[in-house]
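Since the structure comes first, as structure tokens, the remarks are kept for the end.
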Amino acid sequence: MVATEVPNVVISSLLQEMKLTVVAVAFITFISSVHSGAEQRFICPDWCQCERNSTVVSCRHADETSIPNDLPRSIVDLDVSFNSIEAIPSLDATKLTKLSLCHNHVAALSRGTFSRTNALQTLDVSHNSLTSLAAEDLDGLESLLFLDLSWNELRKLDLYAFHKVPNLRSLKLSGNPLKYVDSSWFKNLDVLEYLELRAIGAYSLAANCFVNAPRLHTIDLSEKRLHRRSQRAGKRP
30 MVATEVPNVV ISSLLQEMKL TVVAVAFITF ISSVHSGAEQ RFICPDWCQC
80 ERNSTVVSCR HADETSIPND LPRSIVDLDV SFNSIEAIPS LDATKLTKLS
130 LCHNHVAALS RGTFSRTNAL QTLDVSHNSL TSLAAEDLDG LESLLFLDLS
180 WNELRKLDLY AFHKVPNLRS LKLSGNPLKY VDSSWFKNLD VLEYLELRAI
230 GAYSLAANCF VNAPRLHTID LSEKRLHRRS QRAGKRP
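Quick note: the sequence shown uses the working numbering, first residue 30, plus one each step.
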């Protein structure tokens with residue numbers, strides 16, 4: 030049998046390919062370790078209580094001014110109520126299903142805040158300082174079922190304010206100085222079942238006010254005397 034000599038060029042090429050393969054594998058391993066390390070680096074702050082491998086984080090009554098940094102992406106329940114938080118940062122928590130921000134000093138919601146919390150089902154922003162609400166403020170909350178905006182300073186809601194939350198079942202607006210209730214707010218809320226309007230500023234409701242919420246069966250108007258306006262009435266109070 031005659032031995033065939035492999036050209037040096039071929040050998041060099043094969044070695045180069047092997048080196049590239051080794052480098053690629055090492056790079057992928059490095060990236061995976063970095064990602065895993067980022068998840069493991071979260072240390073529960075002293076002012077919080079973390080349970081279930083930090084998927085449930087409670088930071089209530091701590092007089093803090095901000096939400097904890099570097100929250101794990103695996104978090105499903107975050108409670109930062111009864112603090113002094115004034116702004117909500119953009120949250121990167123794709124598994125978060127419940128967020129409580131009640132009893133803080135939040136003055137506004139911003140577009141993009143919830144763009145990466147598309148699994149959120151319960152959002153409580155009651156007892157804050159919100160003065161207005163636009164549809165873009167709720168962008169990314171297509172899965173939201175329960176929204177509590179009660180006891181803020183809401184005087185104005187944009188037309189179609191809740192257009193971005195089509196799966197909403199429960200909406201609480203009590204205790205806000207709203208001057209009127211507009212039927213356009215409920216556009217796209219086909220599955221809304223419960224609406225709370227206790228102690229709001231409005232003194233009258235149009236006859237067709239809730240025409241855009243066909244499944245609405247409970248409206249809480251306690252603590253408020255409201256007059257029904259005829260459908261022909263075109264002016265707002």
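Yeah, the Cβ is synthetic: ideal placement off N, Cα and C, and Gly gets one too.
Three-way DSSP call (helix, strand, coil) for residue i in this model
i: Leu245; result: coil
i: Asp168; result: coil
i: Phe175; result: strand
i: Ser83; result: coil
i: Ser212; result: helix
i: Val54; result: Here Val54 scores only 48 on pLDDT, less than 50, and its place in the model should not be relied on; the value that follows carries that caveat. In the structure shown, Val54 sits in a helix (DSSP, three-state: H, G or I).
i: Gln150; result: coil
i: Lys201; result: strand
i: Lys185; result: strand
i: Arg145; result: strand
i: Ser306; result: The requested residue 306 does not occur in the structure, where the chain is confined to residues 30 to 266.
i: Asp75; result: coil
i: Asp219; result: coil
Where the beta strand (DSSP E) through residue i begins and ends
i: Tyr223; result: 223–225
i: Asp99; result: Note, Asp99: premise wrong, no beta strand (DSSP E); not H, not E.
i: Leu159; result: Neither: Leu159 is in no beta strand (DSSP E) and is coded neither H nor E.
i: Leu128; result: 127–129
i: Leu107; result: 106–108
Distance, residue j Cα to residue i Cα
i: Glu171; j: Thr142; result: 14 Å
i: Ser179; j: Ala231; result: 14 Å
i: Val240; j: His156; result: 29 Å
i: Ser83; j: Asn98; result: 13 Å
i: Ser103; j: Thr247; result: 35 Å
i: Asn217; j: Cys238; result: 14 Å
i: Lys193; j: Ser144; result: 11 Å
i: Phe191; j: Asp249; result: 19 Å
i: Val86; j: Leu125; result: 11 Å
i: Ser213; j: Leu221; result: 14 Å
i: Asn196; j: Gln150; result: 9 Å
i: Arg81; j: Asp106; result: 10 Å
i: Ser203; j: Asp75; result: 34 Å
Residues of its chain near residue i, where Cβ-Cβ distance is below 6 Å and the 5 sequence neighbours each way are ignored
i: Ala163; result: Asp187
i: Asp153; result: Ser129, Cys131, Asp177
i: Leu138; result: Asp166
i: Pro206; result: Arg184, Gly230
i: Phe175; result: Thr151, Ser199
Residue i, buried or exposed, once every other Cβ within 10 Å from all chains shown has been counted against 16
i: Asn133; result: buried
i: Ile117; result: buried
i: Glu252; result: exposed
i: Ile72; result: exposed
i: Ser158; result: exposed
8 Å Cβ shell around residue i - same chain, five flanking residues per side excluded
i: Asn147; result: Thr123, Gly169, Leu170, Glu171, Ser172
i: Pro243; result: Asp219
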